[in-house]
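Just so you know, my numbering puts 159 at position 175 of the sequence shown, and the rest follows in order with no gaps. Glycine included, each C-beta is placed from N, C-alpha and C at the ideal position. What follows is one structure encoded as structure tokens, with my remarks underneath.
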Amino acid sequence: MSILVTGGAGYIGSHMVLELISAGEEVVVLDNLTTGFRASVAKEAKLVIGDIGDQELVEQIIREHGVEAVIHFAGSIIVPESVTDPLKYYSNNTAKSRDLLAACVACGVKHFIFSSSAAVYGNPETNPVFEDARLEPVSPYGTSKLMTELMLRDVSAAHDISYAALRYFNVAGADPRGRIGQSTPEATHLIKVACQAALGARPFMEVYGTDYPTGDGTCIRDYIHVSDLARAHLLALVHMRENSGNIVMNCGYGRGFSVLEVVKAVEKAAGHGFDVRMAPRRAGDPAAIVAGAGFVRDVLGWKPEHDDLCEIVAHAYAWEHRLVTSKSAA
Ligand code: UFG
């Protein structure tokens, strides 16, 4: 029996593969390498280069490797891009998830773990935001994830497949042992951007909005270490093997940091300041979003190991340093 990880050459997927392998699981990765990297896939995993929308290929992989569970990361993740090109998101995130699910149902896959997002909540009325809050995405990205959650609900009611939809908050950091990290050069995520600016890989960074109704006027987010997130998936898999029913849960630590607090943590990791410019608000940013995080701990027994902003930033910085130095050596 094996576990199929879609998008396993990407940022979160590649950390998931490491987690599964250290737990002794057999792993097959399906990735089309449009944003993922072959080198990010642990050598113990089998890598198939192909598309999740290729139902024939997926069925062949499931049968050949006796796939018991699918952990589905493949998809598009840039929120502003989803606003300008929504059909790309409804294709990559929704329609192709439908095709992947069809292959799972046809081949009798038992469990499906889906990388959902806090974006399904949109602008929450209160923080922390719990799983039963109103689902009102404010971007096609969030809607594309919510549509897949709804498909999963219906498919699992009709067929013998259980699912976990894990709603990620702000995923950051890198493998503590420095093997992999966030490698996408044009990433837009705050911690990556700030590390690039501190390392001189970009001339400066901008803080989008300083007039939010928060303590220091900048947005608040719940940053979760990518390795802790991968561990939550592994625990979800174990839980699904031992229990019937489905799980929908937030993955965050339940506490938030402002953009300026993140900048300070990056300055600390770098040992110096860097060019940080105050800029207008970015469209679509909620002022604050923090996970109601009790469920993942209570149901899965999840105990985060890296719930420390300075540690998350230090790991991200170390990875970025490696990327910058290997590029300048090339
Ligand atoms: N930010 C800056 N400057 C930058 C980049 C980001 O000030 O150069 C700010 C943003 O305005 C925001 C905060 O830093 O206030 C975090 O921004 P990110 O782009 O890192 O992350 P988001 O909160 O926008 O997005 C995250 C996930 C998405 C998910 C969304 C749901 O990355 O996948 O949360 O709220 F959809």
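Unbroken beta strand (DSSP E) run spanning residue i, endpoints
i	result
T(-10)	-14 to -10
F153	No beta strand (DSSP E) holds F153; DSSP gives it neither H nor E.
D195	Where D195 is concerned, there is no enclosing beta strand (DSSP E), given that its DSSP letter is neither H nor E.
I175	Careful: I175 lies outside any beta strand (DSSP E), inside the alpha helix (DSSP H) at 174 to 182.
S99	95 to 101
I208	207 to 209
Bounding residues of the alpha helix (DSSP H) (the contiguous stretch that carries residue i)
i	result
I145	I145 -> no alpha helix (DSSP H), and no H or E assigned at all.
V63	63 to 68
S(-2)	-5 to 6
D200	No alpha helix (DSSP H) contains D200, which DSSP labels as neither H nor E.
V274	No alpha helix (DSSP H) holds V274; DSSP gives it neither H nor E.
D282	278 to 284
Reduced DSSP category for residue i - H, G, I as helix; E, B as strand; rest coil
i	result
S24	helix
R47	helix
N227	coil
V122	coil
F258	coil
I164	coil
S60	coil
N111	coil
F188	coil
A263	strand
V11	strand
Y237	coil
D31	Note that residue 31 is Leu in the sequence shown here, rather than Asp. Strand at L31.
E289	coil
I296	helix
A90	helix
E40	helix
A220	helix
A171	coil
A117	coil
Exposure label - residue i; buried when at least 16 CB within 10 Å
i	result
P121	buried
H209	buried
S6	exposed
F241	buried
E3	buried
F188	exposed
V222	exposed
T127	buried
D159	buried
C203	buried
K287	exposed
S81	buried
D206	buried
S320	Here the chain has residues from -15 to 314 only, and residue 320 is not among them.
K129	buried
P169	exposed
C294	exposed
I33	exposed
The ligand NAP heavy atom lying under 6 Å from the CB of residue i
i	result
I62	Summarising the ligand content, the structure contains the ligand UFG and does not contain the ligand NAP.
* **Cβ contact (3+ pairs, closer than 8 Å) linking the region 84 to 96 and the region 259 to 271** => no
* **Three CB pairs or more closer than 8 Å across the region 96 to 103 and the region 39 to 47** => no
* To do: Examine the Cβ distances between the region 278 to 286 and the region 161 to 173 and report whether three or more of them are shorter than 8 Å.
  => no
* May I ask you to verify whether the region 111 to 120 touches the region 263 to 278, counting CB pairs closer than 8 Å and requiring at least 3? => yes
* Asked: Does the region 176 to 188 come close enough to the region 292 to 301 to have 3 or more Cβ pairs within less than 8 Å?
  -> yes
* On the three-pair Cβ rule with 8 Å, is the region 119 to 139 touching the region 243 to 256? -> no
* **Three or more C-beta pairs below 8 Å linking the region 9 to 27 and the region 191 to 199** => no
* Asked: Is the number of C-beta pairs between the region 70 to 81 and the region 54 to 61 that are closer than 8 Å three or more?
  -> yes
* To do: Spell out a yes or no on whether the region 172 to 179 and the region 223 to 240 are touching, meaning 3 or more CB-CB pairs, one atom from each, closer than 8 Å.
  => no
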